[in-house]
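Below is one structure, written out as C-alpha cells, with a few remarks after it.
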Amino acid sequence: MSSEAVSVEKRAAELRRLIEHHNYRYHVLDDPEISDAAYDALYDELKSIEEEHPELVTPDSPTQRVGAPPAEGFRKVDHLSPMGSLEKVTTAEALSKWAEDVRKRLGTDEPVAYVIEPKIDGSAVSLVYERGLYVRGATRGDGLRGEDVTANLRTIEAIPLRMLVPEGAEQPELLEVRGEIYFPLDGFGRFNDAQIEAGKRPAPNARNAAAGSLRQLNPAVTAQRPLSIFAYGLGVFRGPRPSTQWEALAWLREHGFRTNPHAERLESIDEVTHACEAWEARREDLGYEIDGIVIKVDSFEQQERLGSLHERPRFARAYKWAPTSAVTRLRKIHVRVGRTGVLNPLAELEPVHVGGVTVSSATLHNEDDIRRKDIREGDLVLVQRAGDVIPQVVGPAGEHEPGSKQWRMPKRCPLCKTEIVKPAGEVMHRCPNRACPSRGLETLYHWVGPALDIEGVGGTTVRKLWDEGLVRALPDLYRLTVEELEGLEGFAEISAARAFESIQRSKEKPFSRILFGLNIPKVGWVIARSLAQHFGSAEILQAVTQEQLEEVEGIGPDRAELIAEWFSDEDNRTLLEELRELGLQLATAASGRPEDGPLTGTQYVITGTLEAWSREQAKAALETLGAKVTQSVSKKTTGVVVGESPGSKAAKAEQLGVPILSEAGLAELLRAR
Ligand code: IVH
1 MSSEAVSVEK RAAELRRLIE HHNYRYHVLD DPEISDAAYD ALYDELKSIE
51 EEHPELVTPD SPTQRVGAPP AEGFRKVDHL SPMGSLEKVT TAEALSKWAE
101 DVRKRLGTDE PVAYVIEPKI DGSAVSLVYE RGLYVRGATR GDGLRGEDVT
151 ANLRTIEAIP LRMLVPEGAE QPELLEVRGE IYFPLDGFGR FNDAQIEAGK
201 RPAPNARNAA AGSLRQLNPA VTAQRPLSIF AYGLGVFRGP RPSTQWEALA
251 WLREHGFRTN PHAERLESID EVTHACEAWE ARREDLGYEI DGIVIKVDSF
301 EQQERLGSLH ERPRFARAYK WAPTSAVTRL RKIHVRVGRT GVLNPLAELE
351 PVHVGGVTVS SATLHNEDDI RRKDIREGDL VLVQRAGDVI PQVVGPAGEH
401 EPGSKQWRMP KRCPLCKTEI VKPAGEVMHR CPNRACPSRG LETLYHWVGP
451 ALDIEGVGGT TVRKLWDEGL VRALPDLYRL TVEELEGLEG FAEISAARAF
501 ESIQRSKEKP FSRILFGLNI PKVGWVIARS LAQHFGSAEI LQAVTQEQLE
551 EVEGIGPDRA ELIAEWFSDE DNRTLLEELR ELGLQLATAA SGRPEDGPLT
601 GTQYVITGTL EAWSREQAKA ALETLGAKVT QSVSKKTTGV VVGESPGSKA
651 AKAEQLGVPI LSEAGLAELL RAR
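Read in this note's numbering, the sequence shown has 49 at position 49, and its numbers run on one by one without any break.
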C-alpha cells in the first residue's frame, strides 16, 4: 500500500473516532465541545473520503446510520436471554410488603440498597455488540423473540455504532444492552401536527409513535423521527462485569450509552417510597412520558439470589401511579370557534380523576374523527391524558346508550349563526364569518398577548372592553381614550394611563409581529417573519401571486392559497388600511436591521442538562424568537434556564435575583410565542 493510501485510511479512522466522540458529547453528555458547523465539516470530510475510497467504509462509520434499503418485513430473532417484564405495585403499602419479602429471602440483617429509575414509556429494545461493534437490534416482542430492527435503530444517533472503551478497560467480547426507545414530547407534538396537516391520523400517544417509528420498513422514515434512548440494563455480557445496577449505569455511560440522569441509589425503602411519590408531580417536567418508577435491588449478587418468578424478577418492581386513562360519561359535545374560524369539537365530561388531576373536558379533534370512532353524546368513553397534553377522548368504552345518535357538526356557527363551511380537502369545519364574535375576541387575545405583547392589557381587560362594546375589532383598540379605559372596572387613573401608553407604543412593533397578530390562516410566528422579510410590506403582499408566495421557505401551495385569499379579501384590505392610518408599521424598517422577535431585547443563560433538548437546540429556539443567549449571568440577564445538575450559574442568578426557569418554564415560554 502506498504511503498516501495509508494516510487516507488513518485519517478516515481518526475522523470516525472524532465524530463518534462528538456524537457522544452531544447526545449522551449533552455537552458539546464543538459547533454544529465544525461537526458537519468532520462528517463531510469523512463522507468525501469514503466516496473516493469505498473500500474504507466500515459498518460502524457514522455515515452508515441511514442508507439501508427498505425491508420487506422484519426477521424474527431469538433474544440472547429473555426480556422479562416487571411486577407492578401502586401503593406505598405494596412497596413495603415487597421490601419485606426481599429482606426475608436475603436474610433479615443483610443491608439492601435500591436503585430507582424513571420507567420510560416507550418501546423496549435489545442492542447486541460484538467486540464493541453494534451488530443487531431487536424489539422485545414476546420477551423470547423479537423483531430484527437493526437498520432502524442504527439511525438513532444516541445509539453508539461502536462502543467507547475507556482507557485501560477491556473490550467485552459480547454485550447486550437493554434500553427504552422513546419519542420526546416536543417532537411528538410536532409529529402529530404534521400528521394532521397531511390528513393522516395522529398517534394516540408518544409510546405508540415510538413503537410505530421503530417498525417502519424504510429506515429513512425512522431516521426522520427524533427518537432517543435511555439504556437501563445489561443482558448477556462476556467480559469483566459490573457488580451492581448502580455500577452498570455508570459503566453504560462510560461506554457511550445514554442513561437517565434521574436514576438514584437509595439505602432504605422509606426513601424509595418517598421518592416514588415525589415523582408523580415531577413527571410532567421531563419532556418525555414515564408511566412509573422502576425500583431494583442494587447488588447483582443479591438479584441472582432473589431470582425470578414467571420471567418477572423478584428483585425489581414497577411503581405506577393512577392510570393516565379513565372511563367516564360524555355529557355533551360542544363546538368552540378558534381565532381563525376553525371549529373544534370539545367533550364535556363527567369529572373524572386521570393521572393525578380532575378532567372535565377533552378534545375531540374533528367531525370525521368522532364519526370514525363513533363517539356519541351520553356514551361512556375512555379518556386519556398524556403528560401535559390536553386530555383526549380515545373512544367509546362499551355499548351506546339506547336511543343515542351519531354526532353531527352543527350546520350553523354556535355564536353568529352563519352557515358553516368545510373547504374541500380539509378535515376541519370553519365559520366563514370574519366578524364572528368568537373569532374577534380570540384575535384580540392573540394580538395583545403572544403577537404584540401589550403590557398592562391582558385577557381580562380585552374581555371587559369587548363586553362594554368598546373594542370589537383591532382598530378599535387604537381609538380608545384614557377616559374610556378609566371607566373600566378595575382601572384607576394611573393604570388607565399606562394601558393607553402601551397600546400607543405597540404601534412601533415591527411588521412581522403585526402579520403574526392578524390571524391569517396558517401563519404562525415563523411564517409571519419570513413573509415580512421576503416581501417587506403589506402593500406588496396584497399584490403578490400565489406562486410568488410559494417561493418562501415553508410555504406550500395550500398555505399560499390561504394567504393570497386573505390578502385579496375586501374586509381584510380595509382592516390593513385602517391600521396603516392609525400609524402601525405595515412595512419592515428601512434600516435593514433584522426583524425583532417576541423575545427581542431579552437575554437568557442556559445551565445544566436539559431533558428534551440539547443546549444548542434550546439556544437556537430562543434565538429564533429574538432572544440573546449568553454564557454568564449578570444583572442584565432576563432569566436563567436551569436543567439537571446546574453549575454555579444557578447560584449566581439567585444571588442577583435573576428569575430562574425550569425546563418546563422554558417550554412554556417558547410555546406562548
Ligand atoms: S428494567 C425484567 N428499567 O418497562 C424487566 N424497564 O415491564 C426489567 N422500562 O419492558 C426491565 N424503563 O420496556 C427497566 N428503567 C427501566 C425501564 C424499564 C422502562 C420498561 C421496559 C420493560 C417494562 C417492564
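The beta carbon of each residue, even a glycine, is placed where N, CA and C say it ideally should be.
query: Contact between the segment 4-12 and the segment 124-141 (3+ Cβ pairs under 8 angstroms); result: no
query: Three or more C-beta pairs below 8 angstroms linking the segment 571-581 and the segment 632-652; result: no
query: Enclosing beta strand (DSSP E) for F191 [first to last residue]; result: Element bounds for F191: not the beta strand (DSSP E) but the alpha helix (DSSP H), L185 to E197.
query: Whole-number beta carbon distance between T638 and Q603, since they are thought to touch under 8 angstroms; result: 5 angstroms
query: Cα-Cα separation between I540 and C436, rounded to whole angstroms; result: 28 angstroms
query: Every unbroken beta strand (DSSP E) within the segment 528-609, with a cutoff of 3 residues, ordered by chain; result: 603-607
query: First and last residue of the uninterrupted alpha helix (DSSP H) at I19; result: S3 to N23
query: Which residues DSSP lists as bridging F237, in chain order; result: L175
query: Whole alpha helix (DSSP H) elements within the segment 297-328, 4-residue minimum; result: 300-306
query: In chain order, each alpha helix (DSSP H) run of at least 4 residues that lies wholly inside the segment 42-119; result: 92-106
query: heavy atom of ligand 1 below 7 angstroms from S495 C-beta; result: no
query: Stretch pair the segment 468-476 + the segment 369-384: three plus CB contacts closer than 8 angstroms; result: no
query: Residues bridged to G292 [DSSP beta-bridge criterion]; result: K119
query: Cut-off 7 angstroms between Cβ atoms - residues of its own chain near E623, not counting five sequence neighbours on either side; result: V629
query: Where P345 falls, given that 16 or more other Cβ within 10 Å makes a residue buried; result: buried
query: Which residues DSSP lists as bridging D230, in chain order; result: The sequence given here has Phe at residue 230, not Asp. Paired residues: E180.
query: L86 Cβ short of 7 angstroms to ligand 1 heavy atom set; result: yes
query: Terminal residues of the beta strand (DSSP E) in which E348 lies; result: L343 to V354
query: Nonlocal neighbours in the same chain, by C-beta distance under 8 angstroms from L610, ignoring five residues either side; result: D30, G287, A618, V641, G643, E644, E663 and L666
query: Which residues DSSP lists as bridging R675, in chain order; result: This structure gives no information on residue 675, because the portion of the chain shown stretches from 1 to 673.
query: Residues near I19 in its chain [Cβ-Cβ closer than 8 angstroms; skip 5 each side]; result: Y39, L42, Y43, L46 and P62
query: CB of E180 within 8 angstroms of CB of S123, strictly; result: yes
query: Proximity test, K119 beta-carbon vs ligand 1 heavy atom, cut-off 7 angstroms; result: yes
query: Where L470 sits in the DSSP three-state scheme; result: coil
query: Sub-8 angstroms separation of R385 and V359 beta-carbons; result: yes
query: Secondary structure of G395, DSSP reduced to three states; result: strand
query: Run of the alpha helix (DSSP H) containing G212, from where it starts to where it stops; result: A206 to L214
query: Contact between the segment 442-458 and the segment 515-527 (3+ Cβ pairs under 8 angstroms); result: yes
query: C-alpha distance - D121 paired with A206, whole-angstrom precision; result: 8 angstroms
query: Beta-carbon proximity list for D186, same chain, < 8 angstroms, skipping 5 on both sides; result: G287, A612, W613 and A667
query: Y232: CB within 7 angstroms of a non-hydrogen atom of ligand 1; result: yes
query: At least 3 beta-carbon pairs within less than 8 angstroms: the segment 458-467 vs the segment 560-572; result: no
query: R376 - containing beta strand (DSSP E), residue span; result: Run containing R376: none; DSSP gives neither H nor E here.
query: Buried versus exposed call for D101 [16 or more other C-beta atoms within 10 Å across all chains shown]; result: exposed
query: A362 beta carbon near ligand 1 (any heavy atom closer than 7 angstroms); result: no
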